[in-house]
Each structure stands twice: as C-alpha cells, then as structure tokens.
Amino acid sequence: DIQMTQSPSPLSASVGDRVIITCQASQDINNDLNWYQQKPGKAPKLLIYDVSNLETGVPSRFSGSRSGTDFTLTISSLQPEDIATYYCQQYDSAPFTFGPGTTVDLK
Amino acid sequence: QVQLQESGPGLVKPSETLSLSCSVSGASISRYYWTWIRQPPGKGLEWIGYVYYSGSTHYNPSLKSRVTMSVDTSKNQFSLKLDSVTAADTAVYYCVRWKSGSYFDSWGQGTLVTVSS
C-alpha cells in the first residue's frame, strides 16, 4: 500500500496567516492526489483534485502544488471558517489511502 | 445536485454482519463508481472499496475477505455488507461517489455503526 504522511499536526495559526500543509507519498503517485476538508461532525469535503485543481465553489485562497512525492496545500489567508482537519488522498493505486490528517486551529 | 444517504442499523453485535445501503439522488447510479469509506471515532479515513453499476468491484485487501458491495440500479442504490464484525469495525461509514476515476466529490452525511453486544 502507498503510505501518506502529513505535517505538521496540529497546526496553530492566526486569522490572516498563510498556512501550508505538507503531504508526502511513500512512492511516486504522479499527480494522483486530492485534498479534503473535514469539520467536526461533518463529512469530508473535496477541496482540490489532481494536485492543483480547485473544486467548484472552493475559495481561491486554497491552492495545491507538487514537488516529486511531496505535495502542499496552501491557505493564503486563514479565515475562521477554515478551522478544520485536512486530509490528502492518493488514487494512483488501490487501495486508495489517506494521510492521517492535519488539524488547523486558531492560535 | 447529487445527494447520498446512508441507511442501516446503528448497532451490530460482534461476529454478525454489518449491512448498509446508500440511496442516490440527482445522478444515475449507472454512470459512476460508488465507494464506501469509514472513519473510526476520532481517527482518520479508510477506503473500503468501490462498486460499479455492472457489478465490478475492488476492495481494500485489509477487508477483502469480509466485504461485499453491490448495486441495485432499479432503486438507484448501492450497498455494503461486512461480515464477522468486531469492535474495530465501529466507525462512521460514508457512501461516496468516485468521479472520473480520481476524486471523491459527493459524500453522504455518514452513519455511525457501533459493534457491541
């Protein structure tokens, strides 16, 4: 199975901060990487697919990028409604696997 | 807009079978792949497997011996059966659409299934 790791966790930041979450795959997964946001008691929500494509309706302050097997999710200016847990997920090969999650809270 | 809704017992006894259904509205079940993902309380997400309307399936090897997924096109529903459950199977179970062979874009609200005698 492909292992996904995330850092940091947790992450404390202030409103307006630039937040960067990193996800690393245990092997090359090409661009087969998605990001999800989950708030307490809610189902995960797709944010970004295929590394950098913003899902419809997702604010433009979210962005994604890749460098080799390292992937990043960036929130350019943290908003109170962004407080959540963020998961990366690979679909390069089954079983599809998620990272352990990064919880973002307010400092 | 696609909507998914899980249904099934919230409490299952150890060694019995967990059975869940997912009703899909706003999309034809015959056009996409459908998956089940679970999340133990306070933990991360685990992909269980997917099913296509043709009956084609692919399961997580960690659960493969106990999982069965199927589709009922007449009802626009798909289902999950997990045999011989233990407390480790206690989780919120989500039914999810897998789109374009890539991302999970539409999720049910999730249903908590507790395994306990």
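So the sequences go chain by chain: A and B.
This note's numbering puts the first residue of the first sequence at 100, with every later residue one more than the last.
This note's numbering puts the first residue of the second sequence at 9, with every later residue one more than the last.
The C-beta atom is built at its ideal place from N, Cα and C for all residues, glycine as well.
Residue burial classification, residue i (beta-carbon count within 10 angstroms, cutoff 16)
i, result
"S87(B)", "buried"
"A95(B)", "exposed"
"E180(A)", "exposed"
"L205(A)", "exposed"
"G4(B)", "There is no way to answer for residue 4(B), as the model of chain B reaches only from 9 to 125."
"G115(A)", "exposed"
"D100(A)", "exposed"
"D132(B)", "An answer regarding residue 132(B) cannot be provided, because it is not within the stretch 9 to 125 covered by chain B."
"Q102(A)", "exposed"
"Q136(A)", "buried"
"G156(A)", "exposed"
"G34(B)", "exposed"
Beta-ladder partner(s) of residue i, from DSSP
i, result
"E14(B)", "C30(B)"
"D116(A)", "Paired residue(s): none; D116(A) is not in a bridge."
"S164(A)", "T171(A)"
"N152(A)", "Y148(A)"
"N133(A)", "Q188(A)"
"A183(A)", "V203(A)"
"R46(B)", "E54(B) and Y101(B)"
For residue j and residue i, the rounded distance between their alpha carbons
i, j, result
"D169(A)", "C122(A)", "6 angstroms"
"L19(B)", "G167(A)", "44 angstroms"
"K21(B)", "S114(B)", "30 angstroms"
"Q13(B)", "K89(B)", "16 angstroms"
"S15(B)", "S162(A)", "35 angstroms"
"R117(A)", "I128(A)", "26 angstroms"
"A112(A)", "I182(A)", "10 angstroms"
"V10(B)", "Q189(A)", "23 angstroms"
"C187(A)", "Q105(A)", "8 angstroms"
"Y61(B)", "Q85(B)", "10 angstroms"
"S38(B)", "K83(B)", "11 angstroms"
"S175(A)", "D97(B)", "38 angstroms"
Stretch-stretch touch, CB-based, cutoff 8 angstroms, three pairs: the stretch 136-144 of chain A with the stretch 113-120 of chain B: Segment contact: the stretch 136-144 of chain A against the stretch 113-120 of chain B, three or more CB-CB distances shorter than 8 angstroms; contact assigned.
contact_flag[the stretch 41-59 of chain B, the stretch 192-200 of chain A] where n(CB pairs < 8 angstroms) is 3 or more: yes
Meets three-Cβ-pair contact criterion under 8 angstroms: the stretch 115-135 of chain A and the stretch 98-108 of chain B: no
Every unbroken beta strand (DSSP E) within the stretch 48-108 of chain B, with a cutoff of 3 residues, ordered by chain: 54-60, 65-67, 75-80, 85-90 and 99-107
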